[in-house]
């Protein structure tokens with residue numbers, strides 16, 4: 001088994017809709033989240049939602065893992081994501097207009 005440490009979501013600005021930001025793909029690839037952070041560059045607080053979606057699923061209430069209000073100009077860690085696993089085909093979706101999302105982790109194959 002090989003382990004590749006990498007940014008799963010690399011400092012990406014979120015939109016107002018639940019968009020796809022990462023998929024665990026490849027032959028028998030799974031992923032582990034080790035760290036996650038948010039940065040709100042806007043002048044107003046923003047609600048951020050993060051979804052961990054199994055293969056074949058969709059972002060919505062059943063797959064919501066995080067709802068966090070990030071103050072204007074502030075950073076926030078997201079400890080709720082740490083140690084979550086994504087099976088092959090598992091996805092990370094998120095929304096929160098103009099908030100930057102960074103998620104680090106490892107892919108296992």
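In the UniProt record's numbering, the protein residues as written are 1 to 109.
Glycine included, every Cβ here is placed at the ideal spot set by N, Cα and C.
All figures in this text were calculated on a predicted structure; none of them were measured in a lab.
Exercise for review: Would you kindly report the start and end of the unbroken beta strand (DSSP E) that includes residue 41?
Suggested key: Numbered from its first residue, the chain shown carries residue 41 at position 41. Per DSSP, residue 41 is not a residue of any beta strand (DSSP E), being assigned neither H nor E.
Review point. Can you list the alpha helix (DSSP H) stretches of 4 or more residues lying completely in the region 19-103, in chain order?
Key: Segments of the alpha helix (DSSP H) lying fully in the region 19-103: there are none.
Point to revise | Proximity below 7 Å, CB of residue 89 to CB of residue 55 | key: Taking the chain shown and counting its residues from 1, one reaches residue 89 at position 89. Taking the chain shown and counting its residues from 1, one reaches residue 55 at position 55. Yes, the pair counts as a contact, with Cβ atoms nearer than the cut-off.
Check your understanding: From residue 37 to residue 60, what distance separates their C-alpha atoms?
Key -> As a working note, residue 37 is residue 37 in the chain shown. As a working note, residue 60 is residue 60 in the chain shown. Rounded to whole angstroms, residue 37 to residue 60 spans 21 Å at the Cα level.
Point to revise | Bridge partners - residue 105, DSSP secondary structure assignment | key: As a position in the chain shown, residue 105 is number 105, starting the count at 1. For residue 105, which the question treats as bridged, DSSP gives the partners 6, 33.
Point to revise | Distance between residue 33 and residue 62 (C-alpha atoms, nearest Å) | key: Residue 62 sits at position 62 when you count from the first residue of the chain shown. Residue 33 sits at position 33 when you count from the first residue of the chain shown. Their backbone Cα atoms lie some 19 Å apart in a straight line.
Exercise for review: Check the DSSP bridge columns for residue 14 and list the partner residues they point to.
Suggested key: Walking along the chain shown from the start, residue 14 turns up at place 14. None, per the DSSP bridge assignment.
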